[in-house]
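Only one structure is covered here, and it is reproduced in the block below.
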Amino acid sequence: MRKKIVAGNWKMNKNLQEGITLAQEVEKMASGVSGEVELIIAPPFIHLTEVKKLLGRVKLGAQNCASEASGAFTGEVSAAMLASAGVQYVIIGHSERRSYYGETNSIINKKVRLALENNLHPIFCCGEVLSEREKGAHFDVVRKQVEEGLFTLSSEEFSKVIIAYEPVWAIGTGVNATPAQAQEMHQYIRSLIAGKYGETAANNTSILYGGSCKPSNAGELFANPDVDGGLIGGASLKADDFIGIAKAF
Ligand code: 13P
582 MRKKIVAGNW KMNKNLQEGI TLAQEVEKMA SGVSGEVELI IAPPFIHLTE
632 VKKLLGRVKL GAQNCASEAS GAFTGEVSAA MLASAGVQYV IIGHSERRSY
682 YGETNSIINK KVRLALENNL HPIFCCGEVL SEREKGAHFD VVRKQVEEGL
732 FTLSSEEFSK VIIAYEPVWA IGTGVNATPA QAQEMHQYIR SLIAGKYGET
782 AANNTSILYG GSCKPSNAGE LFANPDVDGG LIGGASLKAD DFIGIAKAF
């Protein structure tokens with residue numbers, strides 16, 4: 582059975598001291614969240630080793646990893662390095678990486694493979710921009726991202742993957758997808774998985790929603806049968822809001 586997950590993507594926010602404080606608050610408040618809900622925080626790279634020492638109930642994620650295993654790639658952080666620092670999850674293919682850093686589906690696929698080789702769970706992001714939705718291309722865009730990013734994996738590898746549907750027009754805009762829009766796309770993604778890996782694999786895959794998710798709308802989004810939780814940006818920067826979302830199931 583698939584897990585319920587609420588993951589916080591801090592993006593490029595919080596200096597180290599602020600990050601430590603936020604992680605401490607989240608860990609403390611996490612005791613009030615149902616044990617059925619997996620909680621993950623993904624701080625910036627530089628925070629990871631310090632934050633790791635503070636966490637127990639809450640799991641640790643990174644926001645990215647390199648598309649190469651090691652070597653002369655100045656400024657990059659490898660999946661193996663993340664694993665060695667006690668990281669368990671890694672966000673891959675976020676729309677900000679795709680649009681600002683030119684990450685293609687094939688680069689993202691390499692990152693997913695390296696994450697899996699290092700026993701990290703990829704949190705694979707997909708989602709359309711507004712113009713694609715307006716012309717009715719959103720299903721095709723997401724299908725291509727999922728097929729090219731993930732569908733080279735074996736069933737065994739795929740079973741470690743978490744998917745996050747994040748419509749780009751909903752990220753940081755205050756305009757979330759409606760519960761019906763989220764459900765429709767999540768159901769579609771699950772049908773793609775069923776077609777490739779079978780019904781059981783599809784039923785066991787956690788598909789998270791991301792994009793302006795907050796305590797006031799999380800309940801109606803998570804109530805949908807194919808929405809298994811959230812990938813939270815802005816609202817993960819306040820422990821109260823993040824935990825409020827996790828309590829919305
Ligand atoms: P917001 O929750 O700030 O819209 O960001 C969503 C996101 O991009 C999480 O990865």
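Using the working numbering, read the sequence shown as starting at 582 and increasing by one per residue.
Each residue gets a CB set at the ideal place from its N, CA and C atoms; glycine is no exception.
By the rule of a C-beta closer than 6 Å to any heavy atom of the ligand 13P, the residues picked out are 590, 675, 747, 752, 753, 791, 792, 793, 794, 812, 813, 814, 815, 816. For residue 725, the enclosing alpha helix (DSSP H) stretches over residues 719–731.
For residue 642, the closest alpha carbon among the candidates 757, 624, 730, 809 is that of 624.
Taking each of 800, 700, 827, 730 in turn and checking the Cα distance to residue 757, the smallest one comes out for 800. Cβ neighbours of residue 651 within its own chain (closer than 6 Å, five residues either side excluded): 659.
Secondary structure of residue 654 (DSSP, three-state): coil. 640 is the residue among 701, 806, 640 whose C-alpha sits nearest the C-alpha of residue 587. Membership of residue 600 in the alpha helix (DSSP H) is indicated by the continuous run 597–610. Put simply, the segment 711–719 does not touch the segment 656–676. Fewer than three CB pairs are less than 8 Å apart.
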